[in-house]
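Protein chains: 2
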Amino acid sequence: MEPNIAYLGALVGDAARSKMLTALMSGKALTATELSLEANITPQTASSHLMKLVDGELIIVRKQGRHKYFQLKNLQVAELIEQMLNISASMAQTSIATGPTDERLKRSRICYDHLAGELGVQLFDALQSNGWIVEAQDMLTLTQLGLSFFSELGFDTAATKKTRRPLCKACLDWSERRSHLAGYLGKWVLTDALARQWAHQDLDSRAIEFTPHGLKAFKSKYGF
Amino acid sequence: MEPNIAYLGALVGDAARSKMLTALMSGKALTATELSLEANITPQTASSHLMKLVDGELIIVRKQGRHKYFQLKNLQVAELIEQMLNISASMAQTSIATGPTDERLKRSRICYDHLAGELGVQLFDALQSNGWIVEAQDMLTLTQLGLSFFSELGFDTAATKKTRRPLCKACLDWSERRSHLAGYLGKWVLTDALARQWAHQDLDSRAIEFTPHGLKAFKSKYGF
DNA sequence: TCGATGCTTCGGTGGCAATCGAACTATGAA
DNA sequence: TTCATAGTTCGATTGCCACCGAAGCATCGA
């Protein structure tokens with residue numbers, strides 16, 4: 007029988023649940039209370055929503071002490087949310103007052119496990135103009151030049167063979183309407199920047215905050 | 007502000023509307039009455055649903071005489087539906103009696119504009135084992151060998167430069183859980199087979215019916 | 001053992017949205 | 001002009017589901 011899309015749609019199609027899912031796009035595992043705050047609902051209500059999301063296999067739980075940590079089930083789910091974000095962003099926009107938080111999100115944010123926003127797009131452009139990646143017919147490939155560039159930086163090229171995940175991949179950006187770098191390489195770039203303490207992830211949102219020095223180092227490293 | 011996923015989800019998250027959208031995955035434009043039959047609802051109800059889908063920019067209308075023809079708005083929407091079909095197919099399955107129609111769907115069906123189902127997967131495998139396409143890190147590329155093979159068949163390689171659409175692309179199959187050929191090339195293969203009258207699309211479903219002779223020709227053409 | 005915190009279960013309420021019957025408008029055919 | 005078909009608008013009904021208050025269970029720290 008044909009799969010039941012309606013069930014999946016209804017799962018996402020509730021304001022509270024969609025806020026939770028979007029919050030989980032940060033890649034972090036969040037507790038039930040945190041998610042209830044995110045969605046502006048009481049813990050009771052949140053609990054029932056979370057149960058539904060788990061039943062629907064969109065998220066998973068890890069119980070740790072008296073906390074329950076929730077996260078998106080897998081990359082496939084994250085990609086679904088991402089695509090829905092893109093489509094709804096391109097729909098006729100009732101753009102209400104954008105607060106300061108939104109400004110930060112627009113500048114640089116995490117998109118499940120890689121960098122998005124203005125900075126993500128700038129990075130993408132720089133990689134391209136330096137000839138490290140090539141976009142042909144919407145498919146992204148790492149050039150030989152790019153391969154040696156990234157292995158010098160400490161990127162483990164051997165590890166990419168083990169994963170079935172695409173090495174690099176263009177990911178449409180809902181705020182910029184431009185491509186940014188996703189895939190295994192995109193994940194590595196973000197992880198690396200965080201590890202070097204050039205930036206840190208906001209505790210309560212998907213925003214990525216670069217230090218002045220970190221931003222400079224980041225830009226010079228990738229040549230822009 | 008962040009895009010509103012919930013609205014989009016709710017749009018898909020109704021049984022009647024999701025049936026309509028799935029029906030429109032055939033790529034054909036359908037009338038309001040046809041869609042109401044597809045969803046098992048009265049024309050009045052269908053009318054209100056269709057209005058919502060148009061408002062939500064998931065589908066578009068063309069008025070022709072006293073008919074209204076509906077179709078998916080663009081490729082992005084079709085990809086969303088496809089992705090949702092995949093995810094819901096991989097969810098814990100309440101697999102109820104699969105009728106004969108479903109058997110046909112499983113064998114070979116249209117996935118917006120390219121071939122899916124068992125036959126689509128077989129084609130994909132054949133193209134791969136003949137060395138015409140290569141799947142590396144989940145990215146699909148047409149080899150030089152494949153390029154000359156397809157241009158001999160009459161595939162206009164120049165035209166691919168004009169479109170931003172990926173030339174070939176792996177598309178996960180919800181019934182087979184395997185890749186099949188999507189993208190520009192995938193579309194061409196299907197169009198070509200239909201033009202040669204090797205197969206025809208069922209009038210009332212997404213099934214693709216190959217003639218015995220057509221199937222033979224199709225298989226020998228692509229070497230499987 | 002006791003209180004505090006995190007989460008869940010239960011029951012009742014309220015609101016929204018899908019549905020259809022009936023009546024209406026538009027297009028086409030005879 | 002008249003009938004048939006395609007689609008819409010309106011109003012009333014219905015059922016589902018998100019929501020919260022209250023009470024309950026589980027884990028942790030003292």
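Chains S and G are the protein sequences, given in the same order.
Sequential numbering from 7 applies to the first sequence in our numbering.
Sequential numbering from 7 applies to the second sequence in our numbering.
Every residue gets a Cβ at the ideal spot worked out from N, C-alpha and C, and that includes glycine.
Give me the DSSP bridge partner(s) of residue i.
| i | result |
| --- | --- |
| F216 (chain G) | G:A205 |
| A77 (chain S) | As written in the sequence, residue 77 (chain S) is Gln, which differs from the Ala given in the question. Beta-bridge pairing links Q77 (chain S) to S:I66. |
| E141 (chain G) | G:L146 |
| T37 (chain G) | G:Y75 |
| I87 (chain S) | According to DSSP, which records beta bridges pairwise, I87 (chain S) is partnered with nothing at all. |
| R115 (chain S) | S:A122 and S:A213 |
Does DSSP put residue i in a helix, in a strand, or in coil?
| i | result |
| --- | --- |
| T51 (chain G) | helix |
| L173 (chain G) | coil |
| W180 (chain G) | coil |
| T5 (chain G) | The requested residue 5 (chain G) is not part of the displayed model; chain G covers only 7 to 230. |
| S185 (chain S) | strand |
| A122 (chain G) | strand |
| S24 (chain G) | helix |
| G19 (chain G) | coil |
| F156 (chain G) | helix |
| A45 (chain G) | coil |
| Y13 (chain G) | helix |
| G192 (chain S) | helix |
| M97 (chain S) | coil |
| S232 (chain S) | Outside the modelled stretch of chain S, which goes from 7 to 230, sits residue 232 (chain S), for which no answer is possible. |
| F230 (chain G) | coil |
| N92 (chain S) | helix |
| A103 (chain S) | Residue placement at A103 (chain S) is flagged as unreliable, the pLDDT there being 46, under the threshold of 50; the coordinate-derived value follows with that caveat. If DSSP states are grouped into helix, strand and coil, A103 (chain S) belongs with coil. |
| F224 (chain S) | helix |
Taking all protein chains shown into account, do 16 or more other C-beta atoms lie within 10 angstroms of the C-beta of residue i, making it buried, or fewer, making it exposed?
| i | result |
| --- | --- |
| E88 (chain G) | buried |
| I102 (chain S) | Note that I102 (chain S) scores a pLDDT of 46, beneath 50, so its modelled location is shaky and nothing firm can be said. |
| T104 (chain G) | Since pLDDT at T104 (chain G) reaches only 49, below the 50 mark, its modelled position is unreliable, and the value read off the structure follows with that caveat. So T104 (chain G) ends up on the exposed side. |
| A165 (chain S) | exposed |
| K222 (chain S) | exposed |
| N46 (chain G) | exposed |
| L151 (chain G) | exposed |
| K69 (chain G) | exposed |
| G189 (chain S) | buried |
| G123 (chain G) | buried |
| Q50 (chain S) | exposed |
| G137 (chain G) | exposed |
| S157 (chain G) | exposed |
| G19 (chain S) | buried |
| P172 (chain S) | buried |
| G62 (chain S) | buried |
| S185 (chain G) | buried |
| S226 (chain G) | exposed |
| H55 (chain G) | buried |
Out of the options, which one is the CA nearest neighbour of residue i?
| i | options | result |
| --- | --- | --- |
| L14 (chain S) | S:K58, S:L121 and S:E109 | S:K58 |
| Q77 (chain G) | G:D119, G:L36 and G:L173 | G:L36 |
| A95 (chain G) | G:W180, G:S24, G:H73 and G:T39 | G:W180 |
| H73 (chain G) | G:L41, G:T51, G:L86 and G:T48 | G:L41 |
| P9 (chain G) | S:E44, S:L91, S:M31 and S:P9 | S:L91 |
| A21 (chain S) | S:E44, S:S32 and S:F156 | S:E44 |
| L27 (chain G) | G:N80, G:L187 and G:A122 | G:N80 |
| A84 (chain G) | G:Q50, G:M97, G:K225 and G:I66 | G:I66 |
| G192 (chain S) | S:S24, S:G126, S:S135 and S:I214 | S:G126 |
| L121 (chain S) | S:F230, S:L178, S:Q50 and S:E63 | S:L178 |
| L159 (chain S) | S:D198, S:A213 and S:L146 | S:D198 |
| F224 (chain G) | G:R202, G:S54, G:R115 and G:Q207 | G:R202 |
| T39 (chain G) | G:M31, G:L30 and G:S53 | G:S53 |
| C117 (chain S) | S:L187, S:D131, S:F230 and S:V140 | S:L187 |
| K25 (chain S) | S:K112, S:R212, S:L153 and S:F130 | S:R212 |
| L86 (chain S) | G:L111, G:D119 and G:I11 | G:I11 |
With a threshold of 8 Å (Cβ to nearest heavy atom), would residue i be considered close to the ligand GDP?
| i | result |
| --- | --- |
| Q82 (chain G) | The ligand content of the structure shown is nil, which means the ligand GDP is not present either. |
Residues from the stretch 176 to 208 of chain S in contact with chain G, defined by Cβ distance under 7 Å: W180
Members of the stretch 17 to 49 of chain G that neighbour chain S once the beta carbon cut-off is set at 9 Å: L17, V18, G19, D20, A21, A22, R23, S24, K25, L27 and T28
Short-range partners of chain G found in the stretch 75 to 94 of chain S, where Cβ spacing is below 8 Å: Q82, V83, E85, L86, I87, Q89, M90, L91, N92, I93 and S94
Near-chain S residues of the stretch 56 to 72 of chain G (beta-carbon distance less than 8 Å), N- to C-terminal order: G62 and E63
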